[in-house]
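For the sequence shown, the UniProt record's numbering gives the first residue as 1, with consecutive numbering after it.
Where a beta carbon is used, it is the ideal one built from N, C-alpha and C, also for glycine.
Model, not experiment: these values are computed from the prediction.
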Amino acid sequence: MSNGKTLIRGALILMLTGFLSRIIGFFYRIFLSRAIGAEGMGIYQLIFPLYSLCFALTVAGLQTVLSRFIAGKLALGQDKAARDGLAVGVFLSLSLSLAAGGLMFYFARPISLYFLQEPRCVSLLQLLSFCVPFGTVHACLSAWYYARKKTALPSVCQLLEQLARVGASILVYSILLERGLPVTPMVAVVGILAGECASALTSMIAVSLDFQKASYSLRRLEHPVGYSRELLLPALPLTANRLLLTLLQSLESVLIPGRLLLFGLSSSAALSVYGVLTGMALPLILFPSAITNAVSVMLLPTVAEEQAKGNRRTIAHTIENTIKYCLILGIFATGVFLFFGREAGLLLFGNEQAGAFIQTLAFICPFLYLTTTLSSILNGLGKTTFCFAQNLAGLIIRILFVLFLVPRYGMPGYLWGLLASELTITFLSFFLLHRIVPFTFSSWNWIIKPLLALAISGGVALAVCQLGALLPSFPPLLLLAFALLAMVCLYLYLLCGLELIHIPMKRHTVLDKK
């Protein structure tokens with residue numbers, strides 16, 4: 001199979017499962033927002049930076065190096081060496097994760113009291129510490145399949161993880177209601193643990209069967225010390241970079257509720273506002289990124305391979321198509337959230353503030369989706385240091401906005417920081433990519449034409465909503481879904497008419513069959 005077909009096939013598998021997971025996760029967010037409330041969502045979101053920190057320390061850098069190591073050994077026909085490397089990588093990550101999880105459990109109280117400044121996080125962190133080893137094993141084993149450009153199993157694990165998470169949370173929620181006990185964010189953390197266990201066990205079973213089929217045995221493991229050195233040395237700078245970024249993200253998350261207190265909100269109100277943003281508004285804004293995330297996963301190895309072959313024109317064409325389709329998607333998402341964000345916040349989460357945040361964040365969509373894919377291309381071209389630097393710059397911008405604008409303007413100050421951060425990262429990516437591989441940029445075709453299609457399709461969708469509002473018995477959520485469907489169909493039709501996209505319609509004839 002050609003690289004182009006492999007990229008498309010892998011991206012499609014990841015995109016479809018990503019969408020399914022996002023849909024499940026989206027309704028799960030709605031369930032959580034109603035089960036534990038805005039303040040509970042804020043407390044729940046506070047613990048995630050610690051989990052990300054453990055992940056960055058134990059597996060983030062090692063997973064990238066492991067995938068590259070396996071791909072290199074398989075390309076040389078050294079199948080056993082690739083399997084040995086995976087075994088060593090899993091052992092290293094698992095050892096680190098057990099240590100990190102143990103430290104999180106032991107220091108949960110001081111972390112909650114002095115760093116997060118929220119005593120209700122103690123039990124949440126203690127339970128979350130058990131998730132670290134399972135998440136680490138799952139990440140390492142996924143590297144085995146990504147290195148072979150086989151995305152089916154990681155996609156299945158992703159779905160199983162989401163289903164287990166939702167099922168466990170709903171089960172615990174039902175038990176608590178039945179016994180008349182208060183529903184706390186612990187419901188969500190139980191779901192995380194169930195999801196990580198499900199995905200890790202599925203990956204372990206699949207890899208074990210694959211290794212048995214290849215007649216591989218750990219007893220014949222060779223050069224464990226050499227492979228450990230080969231994996232750890234390149235992983236150290238990657239881990240350090242990821243660790244620094246995660247530390248800054250943790251600082252950002254912890255600072256927001258505190259700076260909202262300076263704005264004049266109470267502790268409960270600050271956590272509620274933080275929960276509305278991170279647990280309701282942002283997940284909806286990120287929903288369409290299932291497409292760009294799927295493409296970015298497959299872009300990195302494909303671009304790296306084309307660079308090795310010296311195919312600069314192919315890389316330039318890839319960059320142009322990436323920018324074009326990310327802008328088409330981002331402009332459409334901006335219109336949807338701008339036109340219908342307030343209604344979505346009220347209908348889905350029962351929260352007017354969520355709707356206001358969604359409308360404000362609408363303008364971030366084109367830059368958010370571009371950043372994901374352009375960073376993947378830059379990593380594929382070997383510009384990992386630049387990617388780290390631009391992500392660091394974006395984080396520093398956000399932290400500065402939190403420190404100086406949130407106490408004065410409240411949460412809108414942070415939203416402006418998000419927009420400024422994404423703008424900076426996007427333009428830095430554009431600048432460097434154009435210097436490495438010159439490419440063309442068509443403002444008329446990639447910005448003006450999609451905006452024209454958006455104006456027409458959005459106007460029609462708004463008209464549909466206005467007409468539907470005249471029918472009192474028509475369910476508002478169904479009306480919103482119908483209006484969005486009309487908007488999507490008309491937008492795609494107009495893009496075809498403007499020759500921005502092409503939907504092939506293959507006709508089979510007798511001659512084709514011959």
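Cβ of residue i less than 8 angstroms from any chain D Cβ?
i	result
V437	Absent from the structure is chain D; it holds one protein chain and no more.
Quick one: what does DSSP say residue i is sitting in, helix, strand or coil?
i	result
V183	coil
Q164	The sequence as given places Ala at residue 164; Gln does not occur at that position. The answer is helix: DSSP assigns A164 an H, G or I state.
E196	helix
Y216	coil
F211	helix
P257	helix
H223	coil
V437	coil
T385	helix
S442	coil
P133	helix
R22	helix
L286	coil
R148	coil
L265	coil
I47	coil
T17	helix
Would you say residue i touches the ligand ADP, meaning its beta carbon is less than 7 angstroms from a heavy atom?
i	result
T292	Ligands are entirely absent from the displayed structure, and the ligand ADP is therefore not among its contents.
Could you give the distance in angstroms between the alpha-carbon of residue i and the alpha-carbon of residue j?
i	j	result
A168	L127	14 angstroms
Q390	S375	9 angstroms
T373	T314	16 angstroms
K80	L261	57 angstroms
E422	Q249	15 angstroms
A200	S142	9 angstroms
L432	F31	43 angstroms
V172	R165	11 angstroms
F332	A139	33 angstroms
L238	T184	36 angstroms
D210	A56	28 angstroms
A235	L467	58 angstroms
L470	L462	13 angstroms
A206	L428	41 angstroms
G233	H223	Note that residue 233 is Leu in the sequence shown here, rather than Gly. The alpha-carbon atoms of L233 and H223 are separated by roughly 16 angstroms.
M204	Y146	15 angstroms
R120	L348	27 angstroms
N381	Q307	First, the residue type needs correcting, since residue 381 is Leu and not Asn in the sequence shown. Cα to Cα, the separation comes out at about 7 angstroms.
A453	C365	17 angstroms
R507	G497	Caution applies to R507, whose pLDDT of 47 falls short of 50 and renders its modelled position unreliable; the model cannot decide the point.
T440	N321	10 angstroms
L494	L193	45 angstroms
M487	F367	22 angstroms
L16	V59	26 angstroms
G37	G191	17 angstroms
L418	L395	9 angstroms
E178	G61	44 angstroms
M411	A420	14 angstroms
Under the assumption that residue i contacts residue j (Cβ atoms under 8 angstroms), give the Cβ distance between them as a whole number of angstroms.
i	j	result
L86	I70	6 angstroms
E252	I399	5 angstroms
residue 598	L163	Nothing can be reported for residue 598: it is not among the residues displayed for the chain, which extend from 1 to 514.
Y369	T292	5 angstroms
T360	L415	5 angstroms
L53	T246	5 angstroms
I285	I397	Actually they do not touch by this definition, with Cβ atoms about 18 angstroms apart.
T151	L94	Not confirmed; about 24 angstroms, so no contact.
V464	A483	4 angstroms
F263	V402	That belief does not hold up - the Cβ atoms of F263 and V402 are roughly 11 angstroms apart, past 8 angstroms.
M186	L103	With 8 angstroms as the limit, M186 and L103 do not qualify as a contact, their Cβ atoms being about 21 angstroms apart.
F287	R22	5 angstroms
L116	V254	6 angstroms
Output the residue ranges of the alpha helix (DSSP H) runs that lie fully inside the region 52-122 and measure 4 residues or longer, sorted by chain position.
Note on the region 52-122: whole alpha helix (DSSP H) runs with a minimum of 4 residues are 61-75, 79-106, in chain order.
What ranges does the alpha helix (DSSP H) occupy inside the region 461-508, keeping only unbroken runs of at least 4 residues that lie completely in it?
Listed in chain order, the complete alpha helix (DSSP H) runs (minimum 4 residues) inside the region 461-508 are 476-497.
Considering only residues of the region 401-431, which uninterrupted alpha helix (DSSP H) runs meet the minimum length of 4 residues and lie entirely inside it, listed in chain order?
Listed in chain order, the complete alpha helix (DSSP H) runs (minimum 4 residues) inside the region 401-431 are 406-409.
Enumerate, from N- to C-terminal direction, the unbroken alpha helix (DSSP H) stretches of 4 or more residues contained entirely within the region 298-378.
Runs of the alpha helix (DSSP H) inside the region 298-378: 312-349, 352-361.
Is there contact between the region 97-104 and the region 130-149, where contact requires at least three CB pairs shorter than 8 angstroms?
Touching, per the Cβ criterion.
Does the region 262-278 come within contact of the region 37-46, defined as at least 3 CB pairs closer than 8 angstroms?
Between the region 262-278 and the region 37-46, the count of C-beta pairs closer than 8 angstroms reaches three or more; the two stretches touch.
Would you check if there are 3 or more beta carbon pairs closer than 8 angstroms linking the region 60-68 to the region 98-118?
Result no; under three Cβ-Cβ pairs closer than 8 angstroms.
So, do the region 332-344 and the region 377-397 have three or more beta carbon pairs nearer to each other than 8 angstroms?
Too few Cβ pairs lie closer than 8 angstroms, so no.
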